[in-house]
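Residue numbers (mature numbering (1 follows the signal peptide of the UniProt record, and there is no 0)): -31 to -1, 1 to 108.
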Amino acid sequence: MISLCKSSCEAMASSLPLLLLVLCSLSVAQCQLRLFNLRATGLPSDLLGTTDGYVKVFCGADTLGKTSVRNDNANPWWEEEFTYFKAQENEVMRLEVHDSDLLFDDLLGVCQRQLKLGTYEHDCYLEKGGTLHYTYTFG
């Protein structure tokens, strides 16, 4: 079976000329990205107390959304899952961890990952302290 996300148009040309015509007209094959199991440990406290954390999710130039805010929790877990159907291999997924405050939200750190086919679990160490853990499936 040929993986449409991974195979180039040239590789398919010799064995599937008709399919080649159709697929190459789409320019770049796109795949589904699924991001889930978002959790953090050891988020730092600020002057107002324990972190009120949330995560913003981006893929390439597109915003996929953000999680709910977990109030007063240095070790939050978010139930939200994010699915994106226009992702491309080697595109960058970016996760921004924020502390929600009354006037301005503080950016605690940014995690960036180049998308690869498969399922992966990652830990990302945040600039201002703490770790973001997440899982993604791409393909």
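Yeah, the Cβ is synthetic: ideal placement off N, Cα and C, and Gly gets one too. Values in this document were obtained by computation on a predicted structure and should not be read as measured data.
A straight line joining the alpha-carbon of G99 with that of R63 spans about 17 angstroms. L84 and L77 have their C-alpha atoms some 23 angstroms from each other. In the structure shown, A43 adopts coil according to DSSP, grouped into three states. By the neighbour-count definition (other C-beta atoms within 10 Å, threshold 16), A30 is an exposed residue.
Looking at the DSSP output, T19 sits in no beta bridge, so it has no partner there. Residue state for L4 is assigned as strand, using DSSP reduced to three classes.
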